[in-house]
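Have a look at the structure below, then the notes.
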Amino acid sequence: MPSEPAALVVFARLPIPGKAKTRLAKDVGDANAAEFYARMAERIFTVTSRCERTSSRTVFFSERAEEDGIRRWLQGKRGTASDPRASSWTDIRLEPQAAGGDLGERMRRALDHALRHGGSDGGPCAKAVVIGTDIPSLDASHVDRAVELLDAHDVVFGPAVDGGYYLLGVRDRGYVGDKKVGDSEGSERGGVDRGEGSDRGEGSDRGVAGQGGAHPAIFTDIPWSTGTVLRDSLRACDAAGISAAAVGAMETLRDVDTADDVNAWIESRFEAYADTGVYVPNELADVGWDLLKYSGYGSRSPKEDETRLPAGMKDYESD
1 MPSEPAALVV
11 FARLPIPGKA
21 KTRLAKDVGD
31 ANAAEFYARM
41 AERIFTVTSR
51 CERTSSRTVF
61 FSERAEEDGI
71 RRWLQGKRGT
81 ASDPRASSWT
91 DIRLEPQAAG
101 GDLGERMRRA
111 LDHALRHGGS
121 DGGPCAKAVV
131 IGTDIPSLDA
141 SHVDRAVELL
151 DAHDVVFGPA
161 VDGGYYLLGV
171 RDRGYVGDKK
181 VGDSEGSERG
191 GVDRGEGSDR
201 GEGSDRGVAG
211 QGGAHPAIFT
221 DIPWSTGTVL
231 RDSLRACDAA
241 GISAAAVGAM
251 ETLRDVDTAD
261 DVNAWIESRF
271 EAYADTGVYV
281 PNELADVGWD
291 LLKYSGYGSR
301 SPKEDETRLP
311 AGMKDYESD
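Residue numbers for the sequence shown follow full-length UniProt numbering, so the first one is 1 and each next one is one higher.
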């Protein structure tokens, strides 16, 4: 039986200098940091178009005022010339991230929305996966793998090198295999009843998607932006009886927040090539190399914004 597809949530923001990747900007300058972030995000928009196990893609943007700029960006109008890759972005839906709350609360609300409306027809679906836009090695296979793991688990984490996670996948508490909200019989596990009944028609053994949402324990009392986020999240799952896929089931990837992260990511690619003899093309690695070179990374007096990456930024706020 084919794996039930998942709604894909992508957290993104406009690549505005001074707002995008501010920690990276401390080493390479605001314009370069924003440009590199834009390249990372555009790569995510493109590679996720190749996912085989997703029912929809929705970009949740960070500020409601960014909507028009995000829409133009996804139309391929970030620079002076149209971006041909935008032809693979036309299916992306847009939603503002919930105002207020910490990262966990914003993810929970986005996932709940995706579970209610992330079906291919805009209706509910059984699974949802959320990713960011600063993971330069992520590709469609990572998302598809997470969706597959959700057939057997309530939650899946994509472990990040820094102790956090780059991907979170969840099953709706009202639609998990033979489990559904409202059954009076059967054992209870992870806040979800197991049962044989169905609200989707006679003869069906499936529950109703969109009723339960993501389990709140995954997001509660987690020290975000620390090196223990994944460990603490797994402990929260264990305490709540939530079935989490083994960490080793997903590849560990590196997200990029600083110039050191860019450098470490490029070095890891060289190491992988030395170990396997197989070179995996990634245009972003060349851009990252230029980023470090232009900014004088590793020197005592970095040049910062003296030399910019090609393709100057469009001023979205002036339109």
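Cβ atoms here follow ideal geometry from the backbone N, Cα and C, with glycine treated the same way.
Check, Outcome
"Helix, strand or coil at residue 279 according to DSSP, with G and I counted as helix", "coil"
"Identified DSSP bridge partners for residue 270", "Residue 270 pairs with nothing; no bridge assigned."
"Limits of the beta strand (DSSP E) - the one that residue 233 falls within", "Segment 229 to 240 is the alpha helix (DSSP H) holding residue 233; no beta strand (DSSP E) there."
"As assigned by DSSP and simplified to three states, the class of residue 16", "coil"
"Endpoints, alpha helix (DSSP H) assigned at residue 54", "No alpha helix (DSSP H) contains residue 54, which is instead part of the beta strand (DSSP E) from 54 to 61."
"Beta carbon of residue 8 nearer than 9 Å to that of residue 114", "yes"
"Other residues of its chain near residue 149: CB distance less than 8 Å, five sequence neighbours each side excluded", "156, 169, 245, 249, 250"
"Boundaries (first-last residue) of the alpha helix (DSSP H) holding residue 146", "140 to 149"
"Member of 41, 32, 141 whose CA lies at the smallest distance from the CA of residue 13", "41"
"CB contact flag (residue 147, residue 10, <9 Å)", "no"
"Contact between the segment 281 to 292 and the segment 253 to 264 (3+ Cβ pairs under 8 Å)", "yes"
"Nearest residue (CA-CA) to residue 72, options 279, 143, 89", "89"
"For residue 84, the three-state DSSP class (helix, strand or coil)", "helix"
"Same chain, Cβ closer than 8 Å to residue 230, neighbours up to 5 away in sequence not counted", "157, 159, 160, 163, 164, 165, 247"
"Buried/exposed call for residue 270, threshold 16 Cβ in 10 Å", "exposed"
"Residue 157 - partner residues in DSSP beta bridges", "168"
"Cβ neighbour criterion (16 or more within 10 Å) applied to residue 274", "exposed"
"Proximity below 9 Å, CB of residue 103 to CB of residue 233", "no"
"Residue of 239, 56, 217, 62 minimising C-alpha distance to residue 20", "62"
"Assigned exposure category for residue 133 - 16 Cβ within 10 Å defines buried", "buried"
"The segment 107 to 125 / the segment 31 to 39 touching (three or more Cβ pairs under 8 Å)", "no"
"Paired residues, beta bridge with residue 244 - DSSP", "155"
"Classification of residue 278 by the beta-carbon crowding that lies within 10 angstroms, buried from 16 upward", "exposed"
"Of the residues 93, 55, 137, the one placed nearest residue 167, counting alpha carbons only", "137"
"Between the CA atoms of residue 111 and residue 124 - distance to the nearest angstrom", "11 Å"
"Nonlocal neighbours in the same chain, by C-beta distance under 8 Å from residue 153, ignoring five residues either side", "171, 243, 244, 245"
"Beta-carbon proximity list for residue 254, same chain, < 6 Å, skipping 5 on both sides", "161, 265"
"Cβ-Cβ distance between residue 43 and residue 51 below 9 Å", "no"
"Rounded C-alpha distance that separates residue 75 from residue 258", "28 Å"
"CA nearest to the CA of residue 3, picked from 280, 288, 126", "126"
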